[in-house]
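Participant: The structure is given below, and queries will be raised subsequently.
Protein chains: 2
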Amino acid sequence: MSSEDAVREVAGRARTASHVLATATRATKDAALLAMADALEEAGERILSANAEDVARAEAGGTPANIVDRLRLDEGRLEAMAQGLRDVAGLPDPVGEVLRGSTLANGLELRQVRVPFGVVGMIYEARPNVTADAAGICLKAGNAVLLRGSSSARSSNAAIVETMRGALAASGLPEDVVQLVPGETHDSVKALMRARGLVDVLIPRGGAGLIRRVVEESTVPVIETGVGNCHVYVDASADLEQALAIVLNAKTQRTSVCNAAESLLVHQDVADAFLPAVVAALQHEGVLIHGDAAFAEHDDVVPVTDEDHAAEFLALEISAAVVPDVEGAIDHIRRFSTGHTEAIVARDQATIRRFVAAVDSAAVVVNASTRFTDGGEFGFGAEIGISTQKLHARGPMGLPEMTSSKYVVVGEGHVR
Amino acid sequence: MSSEDAVREVAGRARTASHVLATATRATKDAALLAMADALEEAGERILSANAEDVARAEAGGTPANIVDRLRLDEGRLEAMAQGLRDVAGLPDPVGEVLRGSTLANGLELRQVRVPFGVVGMIYEARPNVTADAAGICLKAGNAVLLRGSSSARSSNAAIVETMRGALAASGLPEDVVQLVPGETHDSVKALMRARGLVDVLIPRGGAGLIRRVVEESTVPVIETGVGNCHVYVDASADLEQALAIVLNAKTQRTSVCNAAESLLVHQDVADAFLPAVVAALQHEGVLIHGDAAFAEHDDVVPVTDEDHAAEFLALEISAAVVPDVEGAIDHIRRFSTGHTEAIVARDQATIRRFVAAVDSAAVVVNASTRFTDGGEFGFGAEIGISTQKLHARGPMGLPEMTSSKYVVVGEGHVR
Numbered sequence: 001m002s003s004e005d006a007v008r009e010v011a012g013r014a015r016t017a018s019h020v021l022a023t024a025t026r027a028t029k030d031a032a033l034l035a036m037a038d039a040l041e042e043a044g045e046r047i048l049s050a051n052a053e054d055v056a057r058a059e060a061g062g063t064p065a066n067i068v069d070r071l072r073l074d075e076g077r078l079e080a081m082a083q084g085l086r087d088v089a090g091l092p093d094p095v096g097e098v099l100r101g102s103t104l105a106n107g108l109e110l111r112q113v114r115v116p117f118g119v120v121g122m123i124y125e126a127r128p129n130v131t132a133d134a135a136g137i138c139l140k141a142g143n144a145v146l147l148r149g150s151s152s153a154r155s156s157n158a159a160i161v162e163t164m165r166g167a168l169a170a171s172g173l174p175e176d177v178v179q180l181v182p183g184e185t186h187d188s189v190k191a192l193m194r195a196r197g198l199v200d201v202l203i204p205r206g207g208a209g210l211i212r213r214v215v216e217e218s219t220v221p222v223i224e225t226g227v228g229n230c231h232v233y234v235d236a237s238a239d240l241e242q243a244l245a246i247v248l249n250a251k252t253q254r255t256s257v258c259n260a261a262e263s264l265l266v267h268q269d270v271a272d273a274f275l276p277a278v279v280a281a282l283q284h285e286g287v288l289i290h291g292d293a294a295f296a297e298h299d300d301v302v303p304v305t306d307e308d309h310a311a312e313f314l315a316l317e318i319s320a321a322v323v324p325d326v327e328g329a330i331d332h333i334r335r336f337s338t339g340h341t342e343a344i345v346a347r348d349q350a351t352i353r354r355f356v357a358a359v360d361s362a363a364v365v366v367n368a369s370t371r372f373t374d375g376g377e378f379g380f381g382a383e384i385g386i387s388t389q390k391l392h393a394r395g396p397m398g399l400p401e402m403t404s405s406k407y408v409v410v411g412e413g414h415v416r
Numbered sequence: 001m002s003s004e005d006a007v008r009e010v011a012g013r014a015r016t017a018s019h020v021l022a023t024a025t026r027a028t029k030d031a032a033l034l035a036m037a038d039a040l041e042e043a044g045e046r047i048l049s050a051n052a053e054d055v056a057r058a059e060a061g062g063t064p065a066n067i068v069d070r071l072r073l074d075e076g077r078l079e080a081m082a083q084g085l086r087d088v089a090g091l092p093d094p095v096g097e098v099l100r101g102s103t104l105a106n107g108l109e110l111r112q113v114r115v116p117f118g119v120v121g122m123i124y125e126a127r128p129n130v131t132a133d134a135a136g137i138c139l140k141a142g143n144a145v146l147l148r149g150s151s152s153a154r155s156s157n158a159a160i161v162e163t164m165r166g167a168l169a170a171s172g173l174p175e176d177v178v179q180l181v182p183g184e185t186h187d188s189v190k191a192l193m194r195a196r197g198l199v200d201v202l203i204p205r206g207g208a209g210l211i212r213r214v215v216e217e218s219t220v221p222v223i224e225t226g227v228g229n230c231h232v233y234v235d236a237s238a239d240l241e242q243a244l245a246i247v248l249n250a251k252t253q254r255t256s257v258c259n260a261a262e263s264l265l266v267h268q269d270v271a272d273a274f275l276p277a278v279v280a281a282l283q284h285e286g287v288l289i290h291g292d293a294a295f296a297e298h299d300d301v302v303p304v305t306d307e308d309h310a311a312e313f314l315a316l317e318i319s320a321a322v323v324p325d326v327e328g329a330i331d332h333i334r335r336f337s338t339g340h341t342e343a344i345v346a347r348d349q350a351t352i353r354r355f356v357a358a359v360d361s362a363a364v365v366v367n368a369s370t371r372f373t374d375g376g377e378f379g380f381g382a383e384i385g386i387s388t389q390k391l392h393a394r395g396p397m398g399l400p401e402m403t404s405s406k407y408v409v410v411g412e413g414h415v416r
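For the record, the sequence lines run as chains A and B.
Take the first sequence: its position 416, counted from the start at 1, is 416 in the UniProt record's numbering, and no numbers get skipped.
Take the second sequence: its position 239, counted from the start at 1, is 239 in the UniProt record's numbering, and no numbers get skipped.
Right, dumping it as C-alpha cells:
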C-alpha cells in the first residue's frame, strides 16, 4: 500500500470514529481521559523502555544533547502526561456551548452551537509528551486525532498511543479516535496535507521550517503556530527599573520558547539612561546583543543586521535598536515581527493606547513580560499551541479553539 | 511590470492603508460609508453607462441571458447598492468588542478584543453589486479590500470603485482601502493567492470550480463559501402537509441559490403516503426528479445516480431517495452533503435531537425550509458569503466574521 493510501485509510477510520465521538457525552469523554491517564501510569515501565530505545538510537546517531533531552521521558514526565489528561477531564466541555441565540421576527429559533471539527491532524517534533497532550485535548473537544510525531520518537509514541487506545476501547469509545499516522518519511506528511475532506484541520508544531512547509503545501486548512520574534519596547515614559526587570525576564527566563523576547527597542530620550544598565544586565546573563549604532557604542555589542532584527534566536541573543518614538517602535515591529507577542513598558496612557491599538500581534502586553503569552498563564487549563495566524484562532489555543460551530434553526413549518 | 509585481504593489498599498483604517473610529468609517452611498447615487449615470458597455460586450459575445441578467445594473439595483452601504453604516462596529476578559491570579488583566484582519481579497464572478457590498462590509470591519471581479464586469467595477475611492478620499480615509486587483487573466488571481503576508484572507465567491481552485492553490488562508447540496429529510413522524410545503419552498422558491434544496430523503414508513403527493407537486412546478427505485415507480421520474445525489443542480432538478430511518438519512447526508444546510421535517423529539446532533453542516434546520440559511434571514444585517468550512467561520458571515482578535495583557511590572 502506498504511503498516501495508508494515510487515507487511517484518516477514513478517524472520520468514522469521529462520528461516534462527536455525540459522546462529557461523562463518557472524561471517563476515557481518566482511564487513559491510569493506563499511562500502569504501562510506565513499558513506555519508559520504549523511550530508552529512542534515546539510545538518538545518542548513537549523534543527536545534540538538548534534542535528546526533549526526547527523554522519566517517571516525572510520565506522571505529568497522566496529570495533563486528568486536568483536561476537569475542564468544561466546549461542545454544545451556545455561542449566540435569538428568536427571529418570523418566530424561527436560531442558535449557534459549538461542535467538534471532526478530525484533527497534529504534526510535531521530538517531545513524546505532545502525543498524550494532543490526544487529550482533541478528545475532550470531540475530535479524532491523527498524530504524526517525529521518527526519532517512534518507539515512545507507539507505546503511548497503544496504551491510550487500550484505555479508549475499555471506556466504550472507538479506539480509532486516537491514531498514529503510518510512515516515517515526508511522504506521509504530504499525504496528510492532501487529505482534504478526510482531515478538517492540521496543526503543525515545531520549527519555523516545518511550519512554513505545511502552510505552503497543505490543501487541508492549517492553524499556524508558534514562531515568535517578540519585541519589548521601552518608552520614554517607562519606569526604567521595571523595564530592566521585564527585558531580563522576557529574554533570559527561558530562551527556547516562542514567547521569549528576541528584540529590544528603546526610545531615544531614555537611551542614555537605559542602555548602559540594560547592556550590562543582559551581558551579565550571557546574552549576546546585536545592536544598532547606539547600542554598538557599548563593549561586546555586535552590529545588528536586518536578519538579526527578523530572527527568532531561541538562545541567549537579542537584537536591539534605539527608535525616535512610539511610532518608530510600531514601524519597526510592523516590519520585523512575526505577530506573536509585543510588549511596551510605559507610564504615559496615550502612548500605551496608541501602541495597543496599532500593534497587530496575537498578544500585546503592557508593563509585563512577553513570557505570559501561554495557555497555562492565561488560565485556559490546557493548550495545544499558540496560533500566530489571524483566521479562526489567534494566541494560545485551548479547548474552545479546537471546535467549530453550527447553526441550529427550529421552526414549525416555516417557508419563505 | 509583471502581473505578480502589479498585484503585490496594490496589496502593499492596501496593507499600508489598512494600518490607518484599523484604528479609525466608527464615526469616521460610518461617514465614509454614507459618503460612498451618496457618491454611487450621484455617479449613477456614469456607472450605468459603464455597465451598458459590459452588457453590450457580453451580449455580442453570446453570453447566456441569465448571466447577462446578473451583470446588468439599473436604477433599482444601483439604489440597492447605495442602501446596502447605508445599512452597513447602521450596524454596530465589531472592532474593539471585548470577547472575553478576566483578571488572572497574579493580577494581570487579560482581554480578548476583536481587531480587523487587515487586508481581505475578494474573488468573485459576474454581479457588479458585490463590488460595493464587499467594500462596505470590509471597510466597516476595518479591513482594506482587494477586489478581483470578473473581466465581464470590468467597466462597471472600475466605475464603482473609482466612485467609492473618491468618496473615501473626501472622508479622510486612505482611498487605497478599496482597490481593484489589476489584470484580467488568471495570473492576477494566482498572484493574489501567493501574496501571503500581504493579504490576510481570501474569500472566493462563485461557482464550485472557482472555489475549488482557490482552496487548492492558495497559500493565503481561504474562507470557502457557498457550494450547497442541501437535503430535506422527511421523517416517519413528519406532518406530511408541512413536509410538502417545505420541500416545495426549499426546491422551487429560488433555484439558483446555494441554500436551495437539491436532495430529498423520505422515511420508508411514509413513502406510500408521501411520494405520490410530493412527486406530483414537484412535477407541477416543473421539477425533474432523479429518483431511486421507489421514486422511479412514478411517471417521469428518471433513475438517480451517485453523481445526481452529489449534485448542486441550481435548477429545477432534485435527487430523491427513500431511506430506512433517520440513521439512513444521516448516512446518506454524510456521504453526499457539501455541509451547507440540511433540514428535517419531523414531530418526534428523539429523532429531531439525533438528526441535529449527528448532521455536521453549517446549518441544521428543523421543520423549516433550507432557504433560511442566509445572513439577511438570520438578522445579521449584512452578509459577505456563506462559509461551508469549519475553520474560523461557518454559515452566513456578517461583520464579526470579518474580524480576527488579539489578546491585550496589562500588568504593572509583572515577570515570571
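The C-beta atom is built at its ideal place from N, Cα and C for all residues, glycine as well.
My output table needs one value for Thr338/A: the three-state DSSP class, helix, strand or coil.
Facilitator: Coil.
Participant: Buried or exposed for Glu53/A, going by 16 or more other Cβ atoms inside 10 Å?
Facilitator: It is exposed - the Cβ of Glu53/A has fewer than 16 other Cβ atoms within 10 Å.
Participant: Identify the residues that DSSP records as bridge partners of Ala261/A: which are they?
Facilitator: According to DSSP, which records beta bridges pairwise, Ala261/A is partnered with Cys230/A.
Participant: Look up His414/B in the DSSP assignment and say whether it is helix, strand or coil.
Facilitator: Strand.
Participant: Report buried or exposed for Gln349/B, applying the criterion of at least 16 other Cβ atoms within 10 angstroms of its Cβ.
Facilitator: It is exposed - the Cβ of Gln349/B has fewer than 16 other Cβ atoms within 10 Å.
Participant: Please name the residue, chosen from Leu85/B, Phe274/B, Val227/B, that lies closest to Ile211/B on a Cα-to-Cα basis.
Facilitator: Measuring from the Cα of Ile211/B, the nearest candidate turns out to be Val227/B.
Participant: Can you give me the start and stop residues for the alpha helix (DSSP H) that Arg26/A sits inside?
Facilitator: From DSSP, the alpha helix (DSSP H) with Arg26/A extends over 26-42.
Participant: Compare the C-alpha of Ala6/B against each of Lys406/B, Ala191/B, Ala321/B and name the closest.
Facilitator: Closest option to Ala6/B, Cα to Cα, is Ala191/B.
Participant: Looking at Leu244/A: is its Cβ nearer than 7 Å to the Cβ of Ala277/A?
Facilitator: In contact: Leu244/A and Ala277/A (Cβ atoms closer than 7 Å).
Participant: Apply the 10 Å Cβ neighbour rule to Pro92/A and answer buried if 16 or more other Cβ atoms are within range, or exposed otherwise.
Facilitator: Counting Cβ neighbours within 10 Å, Pro92/A comes out exposed, since fewer than 16 surround it.
Participant: Grouping DSSP H, G and I as helix and E and B as strand, with all else coil, what is His196/B?
Facilitator: Per the sequence presented here, residue 196/B reads as Arg, with His not at that position. Three-state result, Arg196/B: strand.
Participant: In angstroms, rounded to a whole number, what distance separates the CA positions of Ala135/A and Ala357/B?
Facilitator: Computed Cα separation, rounded: 23 Å.
Participant: Just list the residues that DSSP pairs His19/B with in beta bridges.
Facilitator: DSSP, once it has assigned bridges, lists no residue as partnering His19/B.
Participant: Can you tell me whether Met1/B is helix, strand or coil according to DSSP?
Facilitator: Coil at Met1/B, not helix or strand.
Participant: Can you check the segment 67-147 of chain B for any alpha helix (DSSP H) of at least 4 residues that lies completely inside it and give the ranges in chain order?
Facilitator: 75-90, 129-140, all fully within the segment 67-147 of chain B.
Participant: Would the segment 307-314 of chain A count as touching the segment 252-272 of chain A if we require 3 or more Cβ pairs under 8 Å?
Facilitator: Yes, they touch.
Participant: Can you find the residues in the same chain that come closer than 8 Å, C-beta to C-beta, to Gly183/B, ignoring five residues on each side of it along the sequence?
Facilitator: Cβ within range, chain order: Ser3, Ala6, Val7, Ala191.
Participant: Mind checking whether Ala126/B and Leu71/B have CB atoms under 7 Å apart?
Facilitator: In contact: Ala126/B and Leu71/B (Cβ atoms closer than 7 Å).
Participant: Taking the DSSP output, what are the residues bridged to Glu317/B?
Facilitator: Answer is Leu288/B, bridged to Glu317/B.
Participant: I'd like to know whether the C-beta of Tyr233/B is nearer than 7 Å to at least one C-beta of chain A.
Facilitator: With 7 Å as the cut-off, Tyr233/B does not count as an interface residue toward chain A.
Participant: At the 7 Å Cβ level, is Tyr407/A part of the contact set with chain B, yes or no?
Facilitator: For Tyr407/A, the answer is yes, since a Cβ of chain B falls inside 7 Å of its Cβ.
Participant: What does a CB cutoff of less than 6 Å around Val10/A pick up in its chain, not counting 5 residues either side in sequence?
Facilitator: Closer than 6 Å at the Cβ level, and outside the excluded window around Val10/A, lie Gln179.
Participant: Measure the alpha-carbon distance for Phe336/B versus Ala32/B and round it to whole angstroms.
Facilitator: About 45 Å.
Participant: For the segment 250-283 of chain B, list every residue whose C-beta sits within 7 Å of some C-beta in chain A, in sequence order.
Facilitator: Result list: Gln253.
Participant: Do you know whose CA, among Lys29/A, His19/A, Glu317/A, Glu327/A, lies nearest Gly172/A's CA?
Facilitator: Cα-wise, what sits closest to Gly172/A is Lys29/A.
Participant: Counting only the same chain and skipping the five closest in sequence on each side, list residues whose C-beta sits under 6 Å from that of Gly118/B.
Facilitator: Taken in chain order, the residues that qualify are Ser18, Asp200.
Participant: What residues match up with Ala343/A in a beta bridge as DSSP calls it?
Facilitator: Answer is Val232/A, Val365/A.
Participant: Using a Cβ-Cβ cut-off of less than 9 Å, give me the residues of the segment 185-213 of chain B that come near chain A, in sequence order.
Facilitator: Residues Arg196, Asp200, Val201.
Participant: Please list, in chain order, the chain B residues whose beta carbon lies closer than 9 Å to that of Lys140/A.
Facilitator: Result: empty, since nearest Cβ-Cβ is about 17 Å, beyond 9 Å.
Participant: Is the CB of Gly328/B under 7 Å away from at least one CB in chain A?
Facilitator: No, Gly328/B lies away from the interface with chain A (no Cβ there is under 7 Å from its Cβ).
Participant: I want to see whether chain B comes within less than 7 Å of His309/A, judged by CB atoms only; does it?
Facilitator: No, His309/A lies away from the interface with chain B (no Cβ there is under 7 Å from its Cβ).
Participant: Since Leu202/B is in the beta strand (DSSP E), which residue starts that stretch and which ends it?
Facilitator: Run containing Leu202/B: 201-205, per the beta strand (DSSP E) assignment.
Participant: Taking the alpha-carbon positions, what's the Glu241/A to Asn367/A distance?
Facilitator: When rounded, the distance between both Cα atoms is 11 Å.
Participant: Cβ of Leu146/B less than 7 Å from any chain A Cβ?
Facilitator: Cβ-Cβ to chain A under 7 Å: no for Leu146/B.
Participant: For the beta strand (DSSP E) containing Ser387/B, name the first residue and the last one.
Facilitator: Taken as a continuous stretch (DSSP letters only), the beta strand (DSSP E) holding Ser387/B covers 385-387.
Participant: I'd like to know whether the C-beta atoms of Ser369/B and Arg416/A end up nearer to each other than 7 Å.
Facilitator: Against a cut-off of 7 Å, the Cβ pair of Arg416/A and Ser369/B comes out as a contact.
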